[in-house]
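S.K.: All residue numbers for the first sequence refer to my numbering, where the first residue is 117 and numbers rise by one. All C-beta atoms, glycine included, are put in the ideal place defined by N, C-alpha and C. Handing you this structure, nothing more for now.
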Amino acid sequence: MQGRDILEIDLLAPLGPKYASLELALGRRIEAVERRGKFLLMPLSGGLELVAHLGMTGVLAQDAPSERAASHVRVRVGLSGGAPNVLYFLDPRRFGRFLVVKRGEYAGLPTLAALGPEPLSDGFTVAAFQSALQRSHMSVKSYLLSQRPVAGVGNIYADEALWRAAVHPLTPASALTPEQATRLHHAVREVLSAAVASQGTTLSDYRTVLGKQGEYARQLAAYGRAGQPCPRCGTTMQRLVVGQRGTSYCPTCQAAPKGKP
DNA sequence: CGCATTTCCTGGTAGC
DNA sequence: TGCTACCAGGAAATGC
Numbered sequence: 117m118q119g120r121d122i123l124e125i126d127l128l129a130p131l132g133p134k135y136a137s138l139e140l141a142l143g144r145r146i147e148a149v150e151r152r153g154k155f156l157l158m159p160l161s162g163g164l165e166l167v168a169h170l171g172m173t174g175v176l177a178q179d180a181p182s183e184r185a186a187s188h189v190r191v192r193v194g195l196s197g198g199a200p201n202v203l204y205f206l207d208p209r210r211f212g213r214f215l216v217v218k219r220g221e222y223a224g225l226p227t228l229a230a231l232g233p234e235p236l237s238d239g240f241t242v243a244a245f246q247s248a249l250q251r252s253h254m255s256v257k258s259y260l261l262s263q264r265p266v267a268g269v270g271n272i273y274a275d276e277a278l279w280r281a282a283v284h285p286l287t288p289a290s291a292l293t294p295e296q297a298t299r300l301h302h303a304v305r306e307v308l309s310a311a312v313a314s315q316g317t318t319l320s321d322y323r324t325v326l327g328k329q330g331e332y333a334r335q336l337a338a339y340g341r342a343g344q345p346c347p348r349c350g351t352t353m354q355r356l357v358v359g360q361r362g363t364s365y366c367p368t369c370q371a372a373p374k375g376k377p
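What follows is the structure, encoded as structure tokens:
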């Protein structure tokens, strides 16, 4: 994709502001393909930028979709150069985004505008993470999901990291001890680097760009394991809802913060 | 301003 | 088998 020109870009149905300003990409060159957190960023010539987000179930593919998936194609991008020279953006549940903005202007994308450091970069330090936690009054799980203290942690990896760090998901972020914050920092890095090494977590539909299943599901210790024994202590894992998200945790390893039963 | 709640949307599945 | 009802969730919009 990098270095190619966008010769065609078709939005296959009106989908509102999640798919805005695509016509501006016509005739532009894709100068780079980058990732920040869960956002895919493609700087275009002319000071523009294509921003894509797969939501939960989105797919960006160069292969023509199967008959079954054809109805989920939302955007088709025709590129210069030899085959493969078509990009298909599939988004079955319409939770994705695919839009053109002025480069670096993320006013309509507040999460991207306030995105925390990349978890596997040198910019994600214990000190910075600790001071971010200090400033939030949200539960630590909700704060992780906000993408502000660190980029890219979704529901699965939040549960995994909190379990590894032995931190209860409802602990107020600012109430974490320095030891807990340090453990959580390391846990986020360990979980994400292991998940990347396993090419992600396939629960049902997710496939890598090469069509392979992500293999991290077999390593999940917490996510989706409510009612099953904790891999560390054997206690039955519990489920609760945090910020409208299903949450699994071990009531023994991840002791409740003071005042929470 | 900061946080909580609601909304978007459809495939998958439980229950009958 | 076929129907209904409900759940899942990332980020934005809305509410307080």
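First and last residue of the beta strand (DSSP E) that includes residue 125?
M.R.: That run of the beta strand (DSSP E) goes 122 to 127.
S.K.: Would you tell me roughly how many angstroms separate the C-alpha atoms of residue 302 and residue 275, rounded to the nearest one?
M.R.: A straight line joining the alpha-carbon of residue 302 with that of residue 275 spans about 14 Å.
S.K.: Kindly give me the distance between the Cβ atoms of residue 312 and residue 283, rounded to whole angstroms, as I take these residues to be in contact under 8 Å.
M.R.: The Cβ separation is near 22 Å, so there is no contact.
S.K.: Figure out for me which residue from 318, 153 and 166 has the closest Cα to the Cα of residue 334.
M.R.: 318
S.K.: Count the CB pairs spanning the region 192 to 204 and the region 119 to 133 that are closer than 8 Å, and state whether there are at least three.
M.R.: Touching, per the Cβ criterion.
S.K.: Give the straight-line distance between the Cα atoms of residue 122 and residue 202, rounded to the nearest whole angstrom.
M.R.: 9 Å
S.K.: The beta strand (DSSP E) that contains residue 245, what's its start and end?
M.R.: Taken as a continuous stretch (DSSP letters only), residue 245 belongs to no beta strand (DSSP E), being part of the alpha helix (DSSP H) at 242 to 250.
S.K.: In the structure shown, what three-state DSSP assignment does residue 378 receive?
M.R.: Nothing about residue 378 can be read from this structure; the chain reaches only from 117 to 377.
S.K.: Where do the ends of the beta strand (DSSP E) carrying residue 354 lie?
M.R.: Element bounds for residue 354: 354 to 358.
S.K.: On a CA-only basis, which of 355, 221 and 145 is nearest residue 197? Give me that one, please.
M.R.: 145
S.K.: Could you spell out where the alpha helix (DSSP H) holding residue 228 opens and where it closes?
M.R.: 226 to 229
S.K.: Just reading off the beta strand (DSSP E) that residue 170 is part of, what are its end residues?
M.R.: Neither: residue 170 is in no beta strand (DSSP E) and is coded neither H nor E.
S.K.: Please identify the residue among 341, 206, 153 and 160 whose C-alpha is closest to the C-alpha of residue 356.
M.R.: 341
S.K.: Apart from the five residues on each side of it in sequence, which residues of its chain come closer than 6 Å, Cβ to Cβ, to residue 344?
M.R.: 353
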